[in-house]
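One structure is given below, encoded as structure tokens.
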Amino acid sequence: MSNLPLTVRRSIELLGIVLLGYILVLGNDIIMPIIMAFFISIVLLPVYRYLRKIRMPEALAIILPILMLAIFLAGIIWFFSAQVGMLVKDFPQIKENVAIHLNALSEWISRISDFSTKEQIKFINDKSNDLLGMAGKAASSTAVTLSSIFVFVGLLPIYIYLMLFYKDLLLRFVFMWFREGDHPKVKEAVYETEAIIKNYLVGLLIQVTYMTILLGGILMLVGIKHALLIGVIFAVLNLIPYVGALIGNLIGVLLTLTSSTELWPVITVLLVIAGVQFLDNNILMPRIVGSKVKINALFAILGVIVGGSIAGVSGMFLSMPVIAVLKVIFDRTQMFKQWGVLLGDERPAKSPMLSRQQRQKEDVSTKPGVEKTKEKD
């Protein structure tokens, strides 16, 4: 391929990107569970290795970590359901508070415009009918959505088990894909990919835990109702880069408005969320994740948007680790090194228009995620 003209090579690269995107859109119901299972199996790999080290049978060494993960997720779902149940109990009070807020908003609109109360009521009724129509259409597709979720959840543990069981076969396939002279680079990329995925996903689990406790605890001390629910919703949505924090702030404000008729709780919630998020972004999360791979904000946002359009919430969540893995691969291939530079956050010291050195394909100095001398099972 290196003998082909530059325009042909670049055209093939762009055609490959378009084809890959088309395959992801066409088969996201099949591909996304496999990608999710791959990432989860990487996280469970240290537990599997430890159980094998103490001579536990291989099947049991695979099943036990999957059961531990299932129990952990069931605990999170139970906690979230309990908080939602408390919110449902307060529904009569929430209805009264919403009516008070709507009346105040109606009076304010009447003062600053010629939009009378009667016209506002007509507008609300019209929009309510539109919303009910949309809700009916959404309800008709609920069965399909639920069935796809059950298929996703049902296939996930099977995929994880098989990936851990056949991991040596999969690694052999990867090495056979490349020339023997490139095997040291492939080995290094495998180690670093494992470290990045493990650090990222374990870091996110830790982040959800401490943000729920920290944010929910502070809001409880201040006296905000449904503090833990706000904390857990914001912590989970914050897993989606950039977009999730904005949605979490909005939901936090809405939950506070429905539980209070005053304005100070809303301001308090926004200030506490801003303080916790600043602490998380600048101090806690960089130390926990500690990834050597940096993705620039432009492609992080684009990745979230593209991932969401392809596979919904799961695509938005998986976009960052997928981009990080792609950057590790691109940085180690001479043919695709420019794509690794494009995804990265390393800004050139001088403009490439002025410096010849900045226009060259230099080797990227990287460190393996784990020691290369260690043999893996």
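End of the sequence shown = 498 in our numbering, gap-free, step of one. Cβ coordinates follow ideal geometry from the N, Cα and C atoms, glycine included.
Which residues in the same chain as residue i place their Cβ atom closer than 7 Å to its Cβ, once the five residues preceding and following it in sequence are excluded?
{"i": "residue 125", "result": "none"}
{"i": "residue 362", "result": "421, 425, 441"}
{"i": "residue 183", "result": "169, 282, 285, 286"}
{"i": "residue 470", "result": "none"}
{"i": "residue 92", "result": "The question about residue 92 has no answer, for the chain in this structure spans 122 to 498."}
Out of the options, point me to the one whose CA is closest to residue i's CA.
{"i": "residue 143", "options": "419, 172, 431", "result": "431"}
{"i": "residue 390", "options": "404, 335, 438", "result": "335"}
{"i": "residue 395", "options": "446, 376, 295, 339", "result": "339"}
{"i": "residue 328", "options": "387, 297, 404", "result": "404"}
{"i": "residue 314", "options": "134, 445, 128", "result": "445"}
{"i": "residue 398", "options": "345, 307, 197, 332", "result": "332"}
{"i": "residue 208", "options": "377, 443, 137", "result": "377"}
{"i": "residue 156", "options": "278, 188, 133, 200", "result": "278"}
{"i": "residue 164", "options": "190, 456, 217", "result": "190"}
Helix, strand or coil: how does DSSP classify residue i here?
{"i": "residue 345", "result": "coil"}
{"i": "residue 133", "result": "helix"}
{"i": "residue 465", "result": "strand"}
{"i": "residue 361", "result": "coil"}
{"i": "residue 416", "result": "strand"}
{"i": "residue 455", "result": "coil"}
{"i": "residue 124", "result": "coil"}
{"i": "residue 404", "result": "helix"}
{"i": "residue 82", "result": "Because the chain is modelled from 122 through 498, residue 82 falls outside the range shown and cannot be assessed."}
{"i": "residue 200", "result": "helix"}
{"i": "residue 207", "result": "helix"}
{"i": "residue 177", "result": "coil"}
{"i": "residue 338", "result": "helix"}
{"i": "residue 287", "result": "coil"}
{"i": "residue 399", "result": "helix"}
{"i": "residue 300", "result": "coil"}
{"i": "residue 148", "result": "coil"}
{"i": "residue 276", "result": "helix"}
{"i": "residue 381", "result": "coil"}
{"i": "residue 470", "result": "coil"}
Leaving out five residues on either side along the sequence, give the residues of the same chain with a beta carbon under 6 Å from the beta carbon of residue i.
{"i": "residue 358", "result": "365, 368, 369"}
{"i": "residue 153", "result": "432, 435"}
{"i": "residue 440", "result": "424, 425, 428"}
{"i": "residue 337", "result": "348, 349, 352"}
{"i": "residue 172", "result": "182"}
{"i": "residue 291", "result": "none"}
Might you give, ordered along the chain, the residues of its own chain that have their beta carbon closer than 8 Å to the beta carbon of residue i, omitting 5 neighbours on each side?
{"i": "residue 415", "result": "465, 466, 467"}
{"i": "residue 149", "result": "431, 432, 436"}
{"i": "residue 310", "result": "449, 450, 453"}
{"i": "residue 179", "result": "173, 286"}
{"i": "residue 139", "result": "none"}
Verify the CB distance criterion: does residue i have a CB-CB separation below 8 Å to chain C?
{"i": "residue 136", "result": "Of the chains in the structure shown, none is chain C; there is only one protein chain."}
* Is it true that the segment 378 to 389 meets the segment 317 to 327, where meeting means three or more beta-carbon pairs spaced less than 8 Å apart? -> Touching, no.
* Three or more C-beta pairs below 8 Å linking the segment 159 to 168 and the segment 313 to 320 -> With a cut-off of 8 Å, the segment 313 to 320 and the segment 159 to 168 count as touching, because enough Cβ pairs lie within range.
* Would the segment 450 to 469 and the segment 416 to 428 be scored as touching if the rule is three or more Cβ pairs under 8 Å? -> Yes: the two stretches touch, three or more of their Cβ pairs being nearer than 8 Å.
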